[in-house]
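Taking the working numbering, the leading residue of the sequence shown gets 135, the next gets one more, and so forth.
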Amino acid sequence: MVSVTSACGCLGDLNLALQLHKCVLQAKSFERPDILMMNSVIDMYGKCGRMDLAYMVFSRMEVKNVSSWTSMIVGYAAHGHVGEALKCFHCMREAGIRPNHVTFVGVLSACVHGGMVQEGKYYFNMMTNGYRIKPLLPHYGCMVDLLGRAGMLDEAKLIMEGMPMKANVVIWGSLMGACEKYGNVKMGEWVGKHLIELEPWNDGVFVALSNIYANHGMWEEVERSRQIMKERKLAKIPAYSLPESSG
């Protein structure tokens, strides 16, 4: 049943989720509630976007473990309920439950959604120095995304350069998005180089670079990006109106 509820959560089918929960409740009437099963129901409702139903199940559980709390935190964070996610994390710690690496992915994701840079730094430090949890790729990804969205591109770059593992396309892509948003040519080219090495077929890199160049009036660079896309037969070729020469 746990695998079924997990699959249902991935589908995001609320009607099926309600039917499965009914089956779980019927099974509970014959035997002691299974904490693993109830955690899977919480996770299922969270993935369906029904945190009200997830909380209903969570609040009625007599015994809660780290997975119970983490499912709530991750669910709240995924749907932008920043305050609820951080409040749940606070209550979890007060209850004496030690968070794990997944818990902190949820907490840091909440900070990203809320644009809470200082809080994100605080929780990242709590994870590494307080709980001695070694950051994994998702934690670094959250920090790069958080700093990038806030325009703190140099700090985001320092995070990436200090990572003990190679950044993936998602992390590089989030930083490229920040470079495009804030018009950082130098860093955009640095990020673009790494993205092209990872995914030479990805037209999004050249589109982002073209946008950055265009915003700075660097029309020769825009045209160069367009030519590279044509040569590589990449799909999206951005159309820009080049300024007429005054001569």
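Idealized CB from N, CA, C, for every residue including glycine.
It should be emphasised that the depicted structure is a prediction, and the values quoted were computed from it without experimental measurement.
If we count the other Cβ atoms within 10 Å of its Cβ and call it buried at 16 or more, is residue i buried or exposed?
i, result
"M185", "buried"
"A229", "exposed"
"H224", "exposed"
"A290", "buried"
"W335", "exposed"
"N263", "exposed"
"S359", "buried"
"L385", "Residue 385 is absent from the structure shown; the chain starts at 135 and stops at 381."
"V341", "buried"
"V197", "exposed"
"S193", "exposed"
Let me check understanding here. Comparing Cα to Cα, which of the options lies closest to residue i?
i, options, result
"V208", "E196, I231, M190, M178", "M178"
"G180", "A212, G248, K268, G249", "A212"
"A284", "S201, Y265, P272, S308", "S308"
"H235", "M363, K268, I293", "K268"
"R227", "M261, H247, G214", "M261"
Excluding the five sequence neighbours on either side, which residues of its own chain have a C-beta within less than 6 Å of the C-beta of residue i, listed in chain order?
i, result
"I305", "G275, V278"
"K255", "none"
"L368", "D337"
"L187", "Y179"
"Y347", "E355, V356"
"M297", "Y274"
What span of residues does the alpha helix (DSSP H) with residue i cover, start to end?
i, result
"H328", "319 to 332"
"P233", "It is not in any alpha helix (DSSP H) - P233 carries neither H nor E in the DSSP assignment."
"P272", "271 to 283"
"E196", "It is not in any alpha helix (DSSP H) - E196 carries neither H nor E in the DSSP assignment."
"C313", "303 to 316"
"N173", "169 to 181"
"Y347", "337 to 349"
Give every residue of the same chain whose Cβ lies closer than 8 Å to the Cβ of residue i, excluding the five residues on either side of it in the sequence, and list them in chain order.
i, result
"N199", "I169, N173, I231"
"E323", "L343"
"C222", "W203, M206, I207, Y210"
Would residue i count as contacting chain D if we go by Cβ distances under 8 Å?
i, result
"N234", "The chain inventory of the structure shown lacks chain D, comprising one protein chain alone."
Residues in the same chain with beta-carbon distance under 7 Å from residue i, minus the five sequence neighbours each way, listed in chain order, please.
i, result
"L287", "A312, C313, Y316, N318, M321"
"Y257", "F238, V241, L242, C245"
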